[in-house]
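Scroll down for the structure; my scribbles are underneath it.
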Amino acid sequence: MTARMHNKVCFVTGGGSGIGAATAKKMAAEGATVVICGRTEGPLRDVVGEITAAGGKASYRVADVSNEAAFVGAIEATAEQFGRLDVMVNNAMAYTWGGVDQMTTADWHANFATTVDGTFWGTRTAMQLMKKQGGGSIVNIASICGVFGTAWMSGYSAAKAAVINFSRAVASEGAACGVRCNVVVPGVVATPATAGMLSDDASRNNTEKLIPMRRVGEADELANAVFFLASDEASYITGASLAVDGGRSSDLYTVFE
Numbered sequence: 012m013t014a015r016m017h018n019k020v021c022f023v024t025g026g027g028s029g030i031g032a033a034t035a036k037k038m039a040a041e042g043a044t045v046v047i048c049g050r051t052e053g054p055l056r057d058v059v060g061e062i063t064a065a066g067g068k069a070s071y072r073v074a075d076v077s078n079e080a081a082f083v084g085a086i087e088a089t090a091e092q093f094g095r096l097d098v099m100v101n102n103a104m105a106y107t108w109g110g111v112d113q114m115t116t117a118d119w120h121a122n123f124a125t126t127v128d129g130t131f132w133g134t135r136t137a138m139q140l141m142k143k144q145g146g147g148s149i150v151n152i153a154s155i156c157g158v159f160g161t162a163w164m165s166g167y168s169a170a171k172a173a174v175i176n177f178s179r180a181v182a183s184e185g186a187a188c189g190v191r192c193n194v195v196v197p198g199v200v201a202t203p204a205t206a207g208m209l210s211d212d213a214s215r216n217n218t219e220k221l222i223p224m225r226r227v228g229e230a231d232e233l234a235n236a237v238f239f240l241a242s243d244e245a246s247y248i249t250g251a252s253l254a255v256d257g258g259r260s261s262d263l264y265t266v267f268e
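Take the sequence shown: its letter number 158 is residue 169 in this note's numbering, and every next letter is one higher.
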């Protein structure tokens with residue numbers, strides 16, 4: 012373990028698996044006290060167990076990010092328990108599939124309740140706390156779908172695009188009081204959320220052909236990017252959107268092999 016986040020208190024949503032779990036482990040390994048949040052206790056408990064077994068400091072709070080009172084209460088309780096909040100990572104998301112012409116209003120709204128509303132509530136609460144203590148860092152997780160149009164995922168794409176531009180506005184507002192806000196933009200990453208599209212060799216190979224580096228990303232690689240933007244090493248970076256996608260967003264033409 013190193014200590015680049017010694018004495019920092021970090022709150023990570025969607026911390027029971029995937030990018031959120033990897034981020035929590037990375038920050039704890041760097042000396043932070045980490046609190047993870049999610050709807051289901053079992054996965055949260057398992058991640059905390061892994062962190063503490065490795066000598067890190069972690070706990071969890073069960074809360075649905077799409078429930079304003081529960082989510083805000085979890086963040087505020089964390090700050091009260093530890094005396095501060097230094098890093099907020101809004102990672103939790105939800106999505107629905109379907110063509111625009113067939114999508115119900117309920118399905119459309121379902122893409123925003125966690126991804127946009129939750130990110131707003133988490134960011135607002137973090138800013139209130141961080142302004143009082145003289146600064147902090149917020150990292151919001153978007154998606155390559157928020158940068159490019161994605162068929163059958165219009166609601167999710169719109170929600171993630173909202174996260175990106177919302178975060179720019181937050182950065183503008185927070186800069187004068189020492190609150191930084193940045194975005195990590197993942198491409199295809201091997202997590203439980205993408206298990207379906209990577210379920211067999213043929214599906215995985217077809218996906219990897221679209222990526223210049225010819226492989227999907229790993230959660231740890233995203234966690235490294237989140238950690239950097241959250242840490243003091245990125246002290247002069249705010250309002251940035253960092254693509255971590257194996258080059259996918261830089262490639263106009265894709266050559267199938």
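Backbone N, C-alpha and C define an ideal beta-carbon position, used for all residues, glycine too.
Beta carbon of residue i nearer than 9 angstroms to that of residue j
| i | j | result |
| --- | --- | --- |
| Asn122 | Gly166 | yes |
| Met224 | Gly258 | yes |
| Lys36 | Val237 | no |
| Gly4 | Ala39 | Residue 4 lies beyond the residue range present for the chain, which begins at 12 and ends at 268; the question has no answer from this structure. |
| Thr242 | Val196 | The displayed chain sequence assigns Ser, not Thr, to residue 242. Contact: no. |
| Ala69 | Val98 | no |
| Ile248 | Arg191 | yes |
| Met164 | Trp119 | no |
| Ile149 | Val181 | yes |
Local Cβ density within 10 Å of residue i, reported as buried at 16 or more and exposed below that
| i | result |
| --- | --- |
| Glu41 | buried |
| Asn193 | buried |
| Val199 | buried |
| Asp262 | exposed |
| Phe82 | buried |
| Val111 | exposed |
| Ala234 | buried |
| Ala162 | exposed |
Option nearest residue i by Cα separation, candidates the options
| i | options | result |
| --- | --- | --- |
| Ala105 | Val98, Val45 and Asp128 | Asp128 |
| Cys21 | Met141, Ser154, Arg226 and Ser183 | Met141 |
| Thr125 | Gly25, Thr136 and Ser246 | Gly25 |
| Thr13 | Ala65, Ala153 and Ala170 | Ala65 |
| Ala230 | Ala33, Gly27 and Arg15 | Ala33 |
| Tyr71 | Gln92, Val227 and Gly49 | Gly49 |
| Ala137 | Gly189, Ala173 and Val158 | Gly189 |
| Trp132 | Gly110, Val111, Asn78 and Ala117 | Asn78 |
| Ile30 | Ile152, Asp97 and Ala90 | Ile152 |
| Val158 | Ser252, Val76, Asp75 and Arg191 | Ser252 |
| Thr51 | Asn176, Ala74 and Val174 | Ala74 |
| Asn18 | Gly27, Ala88, Ser28 and Leu96 | Leu96 |
| Val146 | Ser28, Asp118, Ser246 and Gly27 | The sequence given here places Gly at residue 146; Val does not occur at that position. The option with the nearest alpha carbon to Gly146 is Ser246. |
| Ala53 | Ala201, Gly27, Ala43 and Glu91 | Reading off the sequence, residue 53 comes out as Gly, not Ala. Comparing Cα positions, the closest option is Gly27. |
Per DSSP, cross-strand counterpart(s) of residue i
| i | result |
| --- | --- |
| Tyr273 | Since the first residue of the chain shown is 12 and the last is 268, residue 273 is not available in this structure. |
| Glu229 | Ala201 |
| Phe22 | Val46 and Met99 |
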